[in-house]
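In our numbering, the protein residues as written are 44 to 151.
Quick look at the structure:
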């Protein structure tokens, strides 16, 4: 993942390739690789969502700020794709993470 970080600003395509190679391995930082790929692909909503959903499946490998930013990325790109139900799902997840919407109590 270091080569991706080193090339992120100077050559986004090369950085994406390095992150993709990193994500192809089964390791504890795989979720971070998918998240980095999603952020690099943000100009392409379909690709960004595909990478971000893989990162979401591995959200336990991300730090709290990355999870928050992952939800924001998914909300933005699902809206761009016109998939408003999926955008709302991630909006609700983000609101819960930020404490804006309390979890429903059983029996209510």
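Where a beta carbon is used, it is the ideal one built from N, C-alpha and C, also for glycine. These figures come from a predicted structure and were not determined experimentally.
At a cut of 8 Å, does the region 102 to 110 reach the region 69 to 77 through at least three beta carbon pairs? yes
Less than 8 Å between the beta carbons of residue 116 and residue 95, yes or no? Counting from one through the chain shown, the residue named residue 116 turns up at place 73. Counting from one through the chain shown, the residue named residue 95 turns up at place 52. Going by C-beta atoms, residue 116 is nearer than 8 Å to residue 95.
Closest to residue 83 by C-alpha separation, out of 54, 65 and 67, would be which residue? Indexing the chain shown from 1 puts residue 83 at position 40. Minimum Cα distance to residue 83 is reached at 54.
With residue 133 as the anchor, note down where its alpha helix (DSSP H) starts and where it stops. Indexing the chain shown from 1 puts residue 133 at position 90. Start and end: 127 to 141.
Over what stretch of residues does the alpha helix (DSSP H) that includes residue 87 continue unbroken? By one-based count along the chain shown, residue 87 stands at place 44. Unbroken run through residue 87: none, as it is neither H nor E.
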